Amino acid sequence: MKKTTILTMIAAALMAAGCDKIEPDERLISVGNGGDSDPWPEGAVAYVEKYTGPKCNNCPSADRTLERLHAVYGSHLVVVSVTAPNHSMGEPFPNSMDTRVSEAAAWENHWGFSALPTAYINRQGTAFNGSMADIGSSIEQALAALPPVKVEVTATADGNTVTINTNMELREACQQGLTLTLLVTEDSLKYMQLDGTGYNEHYDHNHMLRAVVTDSWGKSISIGTEAGASASDQTSYTIGTPAIVKANSHIVALVCDAATHRVMGCAQCDIR
Amino acid sequence: MTIKKVLVAVAATAMAVAAQAQGIMGGHVTGNVQADAQMSRADSTIGAREVEERLLLNTRADILYQNGGFSAGLRFEMYQNPLLGFDAEWKGQGLAHYFVAYNSERLSVTVGHFYEQFGSGLILRSYEDRYLGLDNAIFGLNVALRPWQGVTVKALAGKQRHYWGLGDGLVRGVDAEVNLAEAIKPLQGGKLRAIIGAGFVSKYEADAMILADQAGYRLKLPLNVGAGAVRTELGWGGWSLQAEYARKGQDPSVVNDYTYREGEALTATLAYSQRGFSATLQAKRVENMAFKSMRSTPGQQLYINYLPAITKNHTYAFLTMYPYATNVMGEQGLQGNVMWKVKKDTWLGGKYGMDVRLNGAVVCGLDTTRTGGAGTDGYSVNGGLGPLLFGEASVEVARKLSKTVKLTLTYAYQAFNPVVEGELPGLYHNNIVVADATWRVSKQHTLRFEGEWMGSDSRRDASAGHTDPRLGDWLMGLVEWSIGSHWFVSLSDQWAYNDGQGNYYNISAGYTHGATRLQLGYGKQRRGMLCIGGVCREVPASNGLTLSLTTSF
Chain L
4 MKKTTILTMI AAALMAAGCD KIEPDERLIS VGNGGDSDPW PEGAVAYVEK
54 YTGPKCNNCP SADRTLERLH AVYGSHLVVV SVTAPNHSMG EPFPNSMDTR
104 VSEAAAWENH WGFSALPTAY INRQGTAFNG SMADIGSSIE QALAALPPVK
154 VEVTATADGN TVTINTNMEL REACQQGLTL TLLVTEDSLK YMQLDGTGYN
204 EHYDHNHMLR AVVTDSWGKS ISIGTEAGAS ASDQTSYTIG TPAIVKANSH
254 IVALVCDAAT HRVMGCAQCD IR
Chain W
4 MTIKKVLVAV AATAMAVAAQ AQGIMGGHVT GNVQADAQMS RADSTIGARE
54 VEERLLLNTR ADILYQNGGF SAGLRFEMYQ NPLLGFDAEW KGQGLAHYFV
104 AYNSERLSVT VGHFYEQFGS GLILRSYEDR YLGLDNAIFG LNVALRPWQG
154 VTVKALAGKQ RHYWGLGDGL VRGVDAEVNL AEAIKPLQGG KLRAIIGAGF
204 VSKYEADAMI LADQAGYRLK LPLNVGAGAV RTELGWGGWS LQAEYARKGQ
254 DPSVVNDYTY REGEALTATL AYSQRGFSAT LQAKRVENMA FKSMRSTPGQ
304 QLYINYLPAI TKNHTYAFLT MYPYATNVMG EQGLQGNVMW KVKKDTWLGG
354 KYGMDVRLNG AVVCGLDTTR TGGAGTDGYS VNGGLGPLLF GEASVEVARK
404 LSKTVKLTLT YAYQAFNPVV EGELPGLYHN NIVVADATWR VSKQHTLRFE
454 GEWMGSDSRR DASAGHTDPR LGDWLMGLVE WSIGSHWFVS LSDQWAYNDG
504 QGNYYNISAG YTHGATRLQL GYGKQRRGML CIGGVCREVP ASNGLTLSLT
554 TSF
């Protein structure tokens, strides 16, 4: 009898403590919007590299999540959507736009993911899949501290030639080798996308990677190792193939650890 | 010193002492080793990519020491680098599993990694399947008490293995089972077999920033999620009935798009068997029962529970080409099986008798209406059936034609909805015929011939961008030559036609000696799905060598 009582009490305690119930009117908590009440440090940036494909049925739900995240984090969030060059879901539909960029194949092989969509924050740690509604926690973690490298980038167009100026400064001592990778992204690309219940011929693709200006893993930069050390870079990019709409395009500058490819600093600008 | 280091030290010391003391202290050491290697080169015709590492290798070695009620075990694993189709996060090597356990008539205690199951697994099943790249072992404490005859009470707590680390979620559970035929004296030795059981599992996971569908809001999450189940097993003579019902509290996760509707599941199996005949009828309904110890982990990792499949596990190639994957968000289905051994020296059974197996299964989704996204209940359930997800009817006849020849013929009809693999809804109808003949040429030589055909209405629609390499009709031939009890050589080819694409040939040879088996193969592997018990992983295309070594001691 004593044994029964003890066991029953343990089971009852576990069951009572083991289940939370949230009423419908208690499920939502307001969050910041990146405006005046911006709670994140100035200069804090999280880079989200998201792999997608026109035949990826679940990718639009991730797109919608990232758009909502933009509303929350504003310019603190830089997103690049990469059409997975090696993945069958990355293949374009017949007579539809092909947004695969060959340099991205090296990234896809490096990460070795098999599912789409897949995203990484600052090219490290956990991969996010599905609707990515859970990515917010990790973005907040990434924004809690300033990136080790401060990056500023500007892009000026003269006809089809875009001059990209990048300034980099170490916020803290840094012993590892660094690389600079420059990317061209474009918004408002309309082409066929599998979307949940069917095909959407005019799906609006944003943040799409259109070109890698440097090599896949970037070019080495000489910046020194002490906090406060700085370097600058000027690179020209000629708009050709693919043709991009300058008004919808951006330059993304990534400063990465040369060995691990972790993003140490990031900036994005419009092409003016 | 961390708990991990202490446990590894205790397990390793116990084994070292045991290894020296076998025959003196008693006890014994057993183990097994498995190594699977793969080389693949680029092949644009099937979509295979070049393997940069040239050689991929999955290796594991289990060592178990037992002495009376005491046991300790270690498992070394190495994925350098993981075989194609295994998550890159498996890459690495080290001691992946270790435990120390004590087992007596009244008490079992395990400290370290352990596998456990409550009932049929609807609320808790930790297990591993090396072929799926799945290991959700719990690292913690597992206790089983048997206070009275026929009564077992289990309690456990711990975290689940997640690749080379542990998931953040904490899993706690209790389960009680009473075997009435043992616990109640008047029932002992009687015809009635009756077992009742109940369990409860709770997981705790810290808060996280999950966005709601409504812009500008995040979710208030339930940090403790509970699931409970009741079950029974009844038997009388040749009849038996097993049933289990489970219910899960609010559990917003990546699987259900962070919605709050509670989950439930019901399984029931009615079976009858007598000499030469058996039949089973299974029913299942599952709704929103993905129960994971980390809410944001996609894929097959960190499942606390398991939802058993109610479709037949096949072994023939074309019968497994469109396998059924359990839809954890919602499905309902029925399966029936009949096995009949026709007696020999009868008109139907002939000189040697005949085995007949019939199987039928139908699985439908739930009829639901979407009511919102993250932060809402997600959907409401209507009364009817949802879309057909999978249907199958098969008949298998196995008959010995002579002293040296045995023939097995199978016909199956399958209806498959690609929506279960994340594709657009549709329905493929497949007719499959398999002939499998084994001819014992002499005492030392046996030949096996297998021919398969699949006619399918799945067609390649270029405008829809179809790339599934399984589409179209298929033919397959296989010849296998076994030499004595040691050697075998096998040749096979799968060829797609009638709008299908691909020619997948394979040659393999193997040598078996005692508990050691070595197999070498070369050929092409079609991209597809590997499913075991309704749990699946994608298998990418490959073209190259495979080598497999298994041994035990």
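Chains as they are written, first to last, in the working numbering: chain L, 4 to 275; chain W, 4 to 556.
All C-beta atoms in this analysis are idealised placements derived from N, C-alpha and C, irrespective of residue type, glycine included.
These numbers were taken from a predicted model, which means no experiment stands behind them.
Collapsed DSSP secondary structure at residue i in the structure displayed
i: Asn-163 (chain L); result: coil
i: Cys-62 (chain L); result: helix
i: Pro-421 (chain W); result: helix
i: Ile-274 (chain L); result: strand
i: His-432 (chain W); result: strand
i: Asp-496 (chain W); result: strand
i: Ala-47 (chain L); result: coil
i: Met-332 (chain W); result: coil
i: Pro-390 (chain W); result: strand
i: Thr-549 (chain W); result: strand
i: Asn-112 (chain L); result: helix
i: Met-297 (chain W); result: coil
i: Gln-178 (chain L); result: coil
i: Ser-111 (chain W); result: strand
i: Ala-544 (chain W); result: coil
i: Ile-138 (chain L); result: helix
i: Ser-78 (chain L); result: helix
i: Asp-39 (chain L); result: Note that Asp-39 (chain L) has pLDDT 49, beneath the 50 cutoff, so the model's placement of it is unreliable and no number is given.
i: Thr-68 (chain L); result: helix
i: Met-324 (chain W); result: coil
i: Met-12 (chain L); result: helix
Test: residue i CB closer than 8 Å to a CB of chain W
i: Lys-24 (chain L); result: yes
i: Glu-143 (chain L); result: yes
i: Arg-71 (chain L); result: yes
i: Thr-134 (chain L); result: Sequence inspection shows Ser at residue 134 (chain L); the Thr mentioned does not correspond to that position. True, the Cβ-Cβ gap to chain W drops below 8 Å.
i: Ser-91 (chain L); result: yes
i: Trp-114 (chain L); result: yes
i: Ala-65 (chain L); result: no
i: Asn-209 (chain L); result: no
i: Ser-117 (chain L); result: yes
i: Asp-218 (chain L); result: no
i: Glu-1 (chain L); result: With chain L running from 4 to 275 in the structure shown, residue 1 (chain L) is simply not present.
i: Leu-146 (chain L); result: no
i: Leu-192 (chain L); result: no
Burial state of residue i, where buried means 16 or more other Cβ atoms lie within 10 Å
i: Asn-98 (chain L); result: exposed
i: Ala-122 (chain L); result: buried
i: Trp-239 (chain W); result: exposed
i: Gln-277 (chain W); result: exposed
i: Gln-191 (chain W); result: exposed
i: Trp-93 (chain W); result: buried
i: Gln-144 (chain L); result: exposed
i: Trp-350 (chain W); result: exposed
i: Phe-102 (chain W); result: buried
i: Gly-199 (chain L); result: exposed
i: Thr-169 (chain L); result: buried
i: Trp-110 (chain L); result: buried
i: Lys-58 (chain L); result: buried
i: Gly-517 (chain W); result: exposed
i: Leu-119 (chain L); result: buried
i: Lys-188 (chain W); result: exposed
i: Met-297 (chain W); result: buried
i: Trp-242 (chain W); result: exposed
i: Ile-486 (chain W); result: exposed
Neighbouring residues, chain C, relative to residue i (Cβ below 9 Å)
i: Ile-32 (chain L); result: Among the protein chains of the structure shown, namely L and W, there is no chain C.
Any chain L beta carbon closer than 8 Å to residue i
i: Asn-291 (chain W); result: no
i: Arg-52 (chain W); result: yes
i: Asp-260 (chain W); result: yes
heavy atom of the ligand PLP below 7 Å from residue i C-beta
i: Phe-121 (chain W); result: The ligand PLP is absent from the structure shown, which contains no ligand whatsoever.
> Quick one: complete alpha helix (DSSP H) runs, 4+ long, within the stretch 166-222 of chain W?
Replying inline: 183-186
> Which runs of the beta strand (DSSP E) spanning at least 3 residues fall entirely within the stretch 350-415 of chain W, listed in chain order?
Replying inline: 357-373, 382-403
>> Please list, in chain order, the residues of the stretch 245-258 of chain W that have any C-beta partner in chain L closer than 7 Å.
In response: Gly-252, Gln-253, Val-257
> For the stretch 163-193 of chain L, which residues have a CB atom closer than 8 Å to at least one CB atom of chain W, in sequence order?
Replying inline: none
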